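Structure, as structure tokens:
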Amino acid sequence: MKDLLSKQAVNLKPSGIRKFFDIVSEMDDAISLGVGEPDFDTPWHIRDEGIYSLEKGRTFYTSNSGLKELREEICHYMKRKHGVTYDPLHEVLITVGGSEAIDIGLRAVINPGDEVLIPQPSFVSYEPCAIMAGGVPVIIELKAENEFRLTAQELEDAITEKTKILILPFPNNPTGAIMERKDLEEIAEVIRKHDILVMSDEIYAELTYKEKHVSIVEIEGMQERTILINGFSKAYAMTGWRLGYACGPRVILEQMVKLHQFAIMCAPTTSQYAAVEALRNGDPDVLEMKTAYNQRRRYLMHAFQEMGLECFEPFGAFYVFPCIKEFGMTSEEFANRFLEEEKVAVVPGTAFGDCGEGYLRISYAYSLDNLKLAIGKLADFVEKLRAKAR
Amino acid sequence: MREELLAIVERNSRIDLKELAVILGVEEIDVVNELEAMEKEGIICGYHTMIDWEKTSIEKVSALIEVRVTPQRGQGFDNIAERIYKYPEVTSVYLISGGYDLLVTLEGKSLKEISGFVSDKLSTLDSVLSTATHFILKKYKDHGTILAKKYEDTREKVTP
Numbered sequence: 016m017k018d019l020l021s022k023q024a025v026n027l028k029p030s031g032i033r034k035f036f037d038i039v040s041e042m043d044d045a046i047s048l049g050v051g052e053p054d055f056d057t058p059w060h061i062r063d064e065g066i067y068s069l070e071k072g073r074t075f076y077t078s079n080s081g082l083k084e085l086r087e088e089i090c091h092y093m094k095r096k097h098g099v100t101y102d103p104l105h106e107v108l109i110t111v112g113g114s115e116a117i118d119i120g121l122r123a124v125i126n127p128g129d130e131v132l133i134p135q136p137s138f139v140s141y142e143p144c145a146i147m148a149g150g151v152p153v154i155i156e157l158k159a160e161n162e163f164r165l166t167a168q169e170l171e172d173a174i175t176e177k178t179k180i181l182i183l184p185f186p187n188n189p190t191g192a193i194m195e196r197k198d199l200e201e202i203a204e205v206i207r208k209h210d211i212l213v214m215s216d217e218i219y220a221e222l223t224y225k226e227k228h229v230s231i232v233e234i235e236g237m238q239e240r241t242i243l244i245n246g247f248s249k250a251y252a253m254t255g256w257r258l259g260y261a262c263g264p265r266v267i268l269e270q271m272v273k274l275h276q277f278a279i280m281c282a283p284t285t286s287q288y289a290a291v292e293a294l295r296n297g298d299p300d301v302l303e304m305k306t307a308y309n310q311r312r313r314y315l316m317h318a319f320q321e322m323g324l325e326c327f328e329p330f331g332a333f334y335v336f337p338c339i340k341e342f343g344m345t346s347e348e349f350a351n352r353f354l355e356e357e358k359v360a361v362v363p364g365t366a367f368g369d370c371g372e373g374y375l376r377i378s379y380a381y382s383l384d385n386l387k388l389a390i391g392k393l394a395d396f397v398e399k400l401r402a403k404a405r
Numbered sequence: 365m366r367e368e369l370l371a372i373v374e375r376n377s378r379i380d381l382k383e384l385a386v387i388l389g390v391e392e393i394d395v396v397n398e399l400e401a402m403e404k405e406g407i408i409c410g411y412h413t414m415i416d417w418e419k420t421s422i423e424k425v426s427a428l429i430e431v432r433v434t435p436q437r438g439q440g441f442d443n444i445a446e447r448i449y450k451y452p453e454v455t456s457v458y459l460i461s462g463g464y465d466l467l468v469t470l471e472g473k474s475l476k477e478i479s480g481f482v483s484d485k486l487s488t489l490d491s492v493l494s495t496a497t498h499f500i501l502k503k504y505k506d507h508g509t510i511l512a513k514k515y516e517d518t519r520e521k522v523t524p
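So the sequences go chain by chain: F and C.
Add 15 to the 1-based position in the first sequence for the working numbering, that's all there is to it.
Add 364 to the 1-based position in the second sequence for the working numbering, that's all there is to it.
If you want it as structure tokens, here you go:
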């Protein structure tokens with residue numbers, strides 16, 4: 016057959032993580048610090064609600080936008096956390112994970128040739144989604160000296176006449192960076208000046224360890240130009256339930272609902288019932304998990320300090336992003352050797368963009384005992400490399 | 365810091381003090397002082413070890429006993445509770461609302477030993493009106509720890 020495959024699909028680079036995953040899964044005895052999901056089980060009362068919904072026979076489609084009850088709870092949450100008002104009928108859409116919202120959000124606003132600003136290092140799917148939507152990804156390389164925050168100057172420098180939308184991935188996977196109110200106010204000025212849209216991926220909103228997470232929609236003039244994405248995976252340890260949502264201006268959401276309707280119909284019904292319970296009664300669980308993450312985060316920062324490994328202090332998500340430039344290896348070489356010699360898997364920073372070179376993503380979604388074991392091996396490995404260099 | 369500190373040592377009282385300081389983000393001396401203060405205030409009453417005796421070769425039987433008693437003037441239930449908790453084989457005594465008054469938990473070497481305790485010592489106390497003994501057949505969860513199953517990490521090893 017001539018031209019069997021879509022050129023665009025073929026040309027997409029496969030995720031850098033996939034390659035690494037294949038190596039790791041071959042090794043049975045490897046300890047992994049490579050996962051991007053919580054180690055906690057979904058809190059029982061939330062699971063119970065899912066089970067109960069099945070028992071009651073809630074096994075049908077919901078409306079395309081999702082259960083009205085859930086959309087209302089999301090609006091309450093937005094009011095409670097960020098002091099902003101969304102209309103549950105027209106400004107909220109329940110999606111299959113935050114990932115789907117990224118995809119259809121971009122497809123809803125991009126015309127061919129529109130530029131999509133993507134700060135990196137960041138989650139792996141922004142760039143391919145932008146491309147498949149017909150957009151042109153423009154990478155903004157975030158810098159360690161700014162603690163991997165996006166600065167107004169970096170944003171200003173990247174904007175052209177073709178810029179349509181900025182993706183704002185904070186709290187950030189893989190760096191753990193956050194944007195505080197003053198950071199957001201500075202970039203908001205640039206955004207308003209150039210009249211561009213924002214897709215704010217706030218899936219880690221509940222996991223910040225400094226002050227409470229500030230959303231860009233809290234900043235003046237931003238809510239009307241922002242597609243806010245959040246979900247249940249990270250906050251409530253519900254990754255497998257595949258449930259996220261988007262909040263945004265009605266005109267955009269209407270287009271997203273269409274795309275969602277034709278591709279997905281609706282998000283999983285069982286998950287939606289469970290999510291209602293999560294929003295209504297899940298705050299104490301979130302706090303408990305966050306406290307545990309914070310303890311592990313402090314442990315890691317301390318361990319890096321002790322082994323003299325450079326790492327800025329991240330205040331969000333559940334990742335640390337130490338620098339390994341002193342060893343004169345690429346991130347991938349380091350990760351491969353570390354896996355081979357010490358049987359510990361970490362993800363090379365380059366899996367999240369070229370500017371992740373020289374860094375590793377270490378996840379602390381593991382028990383302290385597990386972390387101690389793995390970090391002990393990292394200390395040994397680092398010591399070995401340094402001894403050889405001497 | 366207190367609440368977080370208590371939550372940690374409640375689950376793991378053997379945690380290293382230095383490590384405790386690191387994960388709480390405070391100095392080691394502060395942790396030491398705080399623990400000492402809470403011991404003095406009687407907030408921390410002991411550092412026990414959770415043992416699943418089932419997995420050892422040592423025979424142990426535990427029972428819950430519901431006890432109905434007549435409260436005494438001026439003393440309420442305190443006097444009788446004290447008479448019961450002084451027996452070393454009694455592991456806990458709670459005053460309970462509802463259908464009976466005291467819930468007593470007991471550990472013994474055998475069913476015979478426990479039933480002997482109930483008939484000889486407990487039931488014969490003056491203010492005890494009646495008892496109902498429930499033997500524990502299996503512990504699924506105790507002190508917030510699940511004994512029946514071990515945690516297993518079933519996640520994919522590397523995910524974005």
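Beta carbons are placed, not taken as given, at the ideal position from N, Cα and C, and that holds for glycine.
This structure is a prediction, so every number in the text was calculated from the model and none was measured.
{"Item": "For F:P264, which of F:W256, F:L243, F:P283 has the nearest alpha-carbon?", "Value": "F:L243"}
{"Item": "Using a Cβ cut-off of 8 Å, pull out every chain C residue sitting near F:Y314, in sequence order please.", "Value": "E383, V386, I387"}
{"Item": "Comparing alpha-carbon positions, which option in F:K28, F:K158, F:A293 lies nearest F:D63?", "Value": "F:A293"}
{"Item": "Taking the continuous beta strand (DSSP E) assigned at F:M194, which residues delimit it?", "Value": "No beta strand (DSSP E) contains F:M194, which DSSP labels as neither H nor E."}
{"Item": "Considering only residues of the stretch 82-167 of chain F, which uninterrupted beta strand (DSSP E) runs meet the minimum length of 3 residues and lie entirely inside it, listed in chain order?", "Value": "107-110, 130-135, 151-156"}
{"Item": "Consider the Cβ of C:K521: report whether some Cβ of chain F lies at a distance smaller than 8 Å.", "Value": "yes"}
{"Item": "Can you look up F:N245 in the DSSP assignment and give me helix, strand or coil?", "Value": "strand"}
{"Item": "Using the C-alpha atoms, what's the distance from C:I500 back to C:A512?", "Value": "14 Å"}
{"Item": "Can you give the Cα-Cα distance for C:I527 and C:G440, rounded to whole angstroms?", "Value": "Here chain C comprises residues numbered 365 to 524, so residue 527 of chain C is not present and cannot be evaluated."}
{"Item": "For F:C370, which three-state DSSP category applies?", "Value": "helix"}
{"Item": "Examine chain C for any beta-carbon lying closer than 8 Å to the beta-carbon of F:E221, and answer yes or no.", "Value": "no"}
{"Item": "Counting pairs of beta carbons, one from the stretch 166-173 of chain F and one from the stretch 200-218 of chain F, are three or more of them closer than 8 Å?", "Value": "yes"}
{"Item": "Going by beta carbon distance, what residues of the same chain come within less than 6 Å of C:R375, once the five residues before and after it are set aside?", "Value": "none"}
{"Item": "So which residues of chain F does C:P435 contact, with C-beta pairs closer than 8 Å?", "Value": "In chain order: nothing, as chain F lies at least about 37 Å away."}
{"Item": "Exposed or buried, what is F:Q135 when buried is set at 16 or more other beta-carbons lying within 10 Å of its beta-carbon?", "Value": "buried"}
{"Item": "Any Cβ of chain C within less than 8 Å of the Cβ of F:I32?", "Value": "yes"}
{"Item": "So for F:V361, helix, strand or coil by DSSP?", "Value": "coil"}
{"Item": "Let me make sure I understand the geometry here. Which of C:I407, C:T413, C:L388, C:M402 has the alpha-carbon closest to that of C:T509?", "Value": "C:T413"}
{"Item": "For F:M214, name the three-state secondary structure that DSSP assigns.", "Value": "strand"}
{"Item": "For a contact defined as C-beta to C-beta under 7 Å, what are the partners of C:P524 on chain F?", "Value": "S30, I32, G51, F138, V139"}
{"Item": "Given F:V107, which residues of its chain have a CB within under 8 Å of its CB, disregarding the five upstream and five downstream residues?", "Value": "S80, G81, R86, I89, C90, Y101, Y260, A261, C262, L268"}
{"Item": "At the 8 Å Cβ level, is C:E392 part of the contact set with chain F, yes or no?", "Value": "no"}
{"Item": "Return the CA-CA distance between C:V373 and F:L315, expressed in angstroms with no decimal places.", "Value": "20 Å"}
{"Item": "Exposed or buried, what is F:W256 when buried is set at 16 or more other beta-carbons lying within 10 Å of its beta-carbon?", "Value": "buried"}
{"Item": "Expressed to the nearest angstrom, what Euclidean distance is found between the alpha-carbon atoms of C:E423 and C:V492?", "Value": "29 Å"}
{"Item": "Kindly indicate which three-state DSSP category F:R401 falls into: helix, strand or coil?", "Value": "helix"}
{"Item": "In whole angstroms, give me the CA-to-CA distance for F:F138 and F:Y76.", "Value": "30 Å"}
{"Item": "Tell me the DSSP secondary structure of C:G438 in three-state form.", "Value": "coil"}
{"Item": "How would you write the range of the beta strand (DSSP E) that C:E430 sits in, first residue to last?", "Value": "425-433"}
{"Item": "Within the 8 Å Cβ cut-off, does C:D380 reach chain F?", "Value": "no"}
{"Item": "Beta-carbon separation of F:L48 and F:Y381 under 8 Å?", "Value": "yes"}
{"Item": "Do F:G191 and F:Y7 have their beta-carbon atoms positioned less than 8 Å apart in this structure?", "Value": "In the structure as shown, chain F starts at 16 and stops at 405, and residue 7 of chain F therefore has no counterpart that could be examined."}
{"Item": "So that I know if they touch, is there some Cβ in chain C lying closer than 8 Å to that of F:H317?", "Value": "yes"}
{"Item": "Starting from C:E392, follow the alpha helix (DSSP H) in both directions and report where the run begins and ends.", "Value": "392-404"}
{"Item": "For a cutoff of 8 Å on Cβ pairs, would you count F:Q135 as touching chain B?", "Value": "The displayed structure is made up of protein chains F and C, and chain B is not among them."}
{"Item": "Let me check understanding here. Comparing Cα to Cα, which of C:V522, C:L428, C:L384 lies closest to C:E471?", "Value": "C:L428"}
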